[in-house]
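Enquirer: Below: one structure in structure tokens.
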Amino acid sequence: MAKLPQKIATNERASETTLREFVSTAAHKPQSGAVVTRVNLSLTNDDLERSDGLQQKLTLSRVEIFRAGLVALDRISNEERLNIAEEIRSNSPKAGRPPVKK
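Each residue of the sequence shown is one higher than the one before, counting from 2 in my numbering.
Written as structure tokens, this is what we have:
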């Protein structure tokens, strides 16, 4: 059987607040060290499979895989970076609707 915790001593006394004050303080967003922006990306099934494989091998999340790619691009020479960018541009599927044949 689990033991109940003993009375917890606090350094501060609880102050009485109104419901309005409590809700007002709870509604404020917490201060954070970094601002995060949500972004949607279109990926092919191949890209997703490669990402999933790297996630399993390295035990990283999808966003950590993306960040690792950014770090890797920063560490290589500008010439290599340009070659990779050209390869990606030429092999990437074009987003949008397929052309209409008339």
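Just so you know, even glycine gets a beta-carbon here, dropped at the ideal spot from N, CA and C.
For a test of the three-state rule: what should DSSP assign to A35, helix, strand or coil?
Expert: coil
Enquirer: Look at L43 and I66 and say whether their C-beta atoms are less than 7 Å apart.
Expert: The question names Leu, but residue 43 in the sequence shown is Ser. Going by C-beta atoms, S43 is not nearer than 7 Å to I66.
Enquirer: Can you give me the C-alpha to C-alpha distance between V101 and K95, rounded to a whole angstrom?
Expert: 15 Å
Enquirer: Could you tell me the distance, in whole angstroms, from the CA atom of L55 to the CA atom of L61?
Expert: So the alpha carbons of these two residues sit roughly 8 Å apart.
Enquirer: DSSP three-state label for V40, please.
Expert: coil
Enquirer: Mapping the DSSP letters down to three states, classify L61 as helix, strand or coil.
Expert: coil
Enquirer: What residues in its chain sit with their C-beta under 7 Å from that of R82, if we drop five residues either side in the sequence?
Expert: If we look at R82 and ignore the five residues flanking it on each side, its Cβ neighbours are L74.
Enquirer: Hey, out of A35, N41, R63 and R39, whose CA is closest to E50's CA?
Expert: Ranking A35, N41, R63 and R39 by Cα distance to E50 puts R63 first.
Enquirer: Expressed to the nearest angstrom, what Euclidean distance is found between the alpha-carbon atoms of R39 and T19?
Expert: 35 Å
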